[in-house]
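In the working numbering, the protein residues as written are 5 to 198. Heads up, the beta-carbon is just placed ideally off N, CA and C, and yes, glycines get one too. Since we're looking at a predicted model, the values are computed, not measured.
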Ligand SMILES: [Zn+2]
């Protein structure tokens, strides 16, 4: 029952390419401090996302779990710049696609079926519950949500499925659309990661 996309290496690699592109744009832009304008040096940090549904990002290479990040080279500034990401949704122990799909799959399930799916995915039930509150309570209170101007507006109780339903195309296109939509909240622009 779990989602084939969660085991699709090509999809994961596609997300990494999008992140690399965003990182290159951030690097080219230089230090975001207008009074500085220094060059940015690479200062990636390691993430260790957990495996789900029998698939581990480790099969994609250790590089996969490195979050792009930069540090201003100017002495006295050293500002950190962490670009937006479609792989990492904040500091969670799971990749963003997991946080999205695990909650979409378990939405509306009774406890028994939800627990079964939670075991199949390898994501604890209490974690899914925490994410559900994030989707339905925390996210709707963000500037991203309020500024989205979607017509009709997204219904918090129907998240995250409601977000996926807003994008056209096949499953991977809709998941990618949702992850791109969420990308602004994956970093506190343009400083540190949330
Ligand atoms: Zn600087």
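So, at 6 Å on beta carbons, what are the nonlocal neighbours of residue i in its own chain, with the 5 sequence-adjacent residues on each side left out?
{"i": "residue 98", "result": "53 and 54"}
{"i": "residue 78", "result": "40 and 42"}
{"i": "residue 181", "result": "171"}
Measuring alpha carbon to alpha carbon, tell me which residue in the options is nearest residue i.
{"i": "residue 17", "options": "79, 135 and 176", "result": "176"}
{"i": "residue 95", "options": "8, 69 and 80", "result": "69"}
{"i": "residue 62", "options": "79, 78, 40 and 12", "result": "12"}
{"i": "residue 7", "options": "148, 102 and 85", "result": "102"}
{"i": "residue 163", "options": "132, 44 and 173", "result": "132"}
{"i": "residue 148", "options": "56, 91 and 184", "result": "184"}
{"i": "residue 155", "options": "169, 146 and 145", "result": "169"}
{"i": "residue 165", "options": "111, 85, 130 and 146", "result": "111"}
{"i": "residue 64", "options": "14, 157 and 124", "result": "14"}
{"i": "residue 20", "options": "91, 167, 129 and 180", "result": "91"}
Excluding sequence positions up to five away, which residues of its chain have a Cβ less than 7 Å from the Cβ of residue i?
{"i": "residue 87", "result": "26, 27, 30, 72 and 191"}
{"i": "residue 59", "result": "10 and 11"}
{"i": "residue 81", "result": "35, 37, 40 and 42"}
{"i": "residue 93", "result": "100, 103, 186 and 190"}
{"i": "residue 144", "result": "160"}
{"i": "residue 128", "result": "122"}
{"i": "residue 178", "result": "168 and 171"}
Let's see if you can read the secondary structure: which residues bound the beta strand (DSSP E) around residue i?
{"i": "residue 44", "result": "44-46"}
{"i": "residue 171", "result": "Counting along the chain, residue 171 falls outside any beta strand (DSSP E), and DSSP gives it neither H nor E."}
Excluding the 5 residues flanking residue i on each side, which residues of the same chain have their C-beta closer than 8 Å to its C-beta?
{"i": "residue 89", "result": "23, 26, 71, 72, 100, 187, 190 and 191"}
{"i": "residue 113", "result": "121"}
{"i": "residue 126", "result": "54, 55, 56, 57 and 58"}
{"i": "residue 161", "result": "140"}
{"i": "residue 119", "result": "129"}
{"i": "residue 173", "result": "181"}
{"i": "residue 157", "result": "none"}
Is residue i near ligand 3, going by C-beta to nearest heavy atom under 6 Å?
{"i": "residue 35", "result": "Here the bound small molecules are ligand 1; ligand 3 is not part of this structure."}
What are the boundary residues of the alpha helix (DSSP H) that residue i is part of?
{"i": "residue 18", "result": "13-33"}
{"i": "residue 150", "result": "147-150"}
Looking at C-beta atoms only, is the number of pairs between the segment 100-116 and the segment 131-143 that lie closer than 8 Å three or more? yes
Stretch pair the segment 67-86 + the segment 45-52: three plus CB contacts closer than 8 Å: yes
Quick one: which unbroken beta strand (DSSP E) runs of 3-plus residues sit fully inside the segment 66-134? Chain order, please. 74-76
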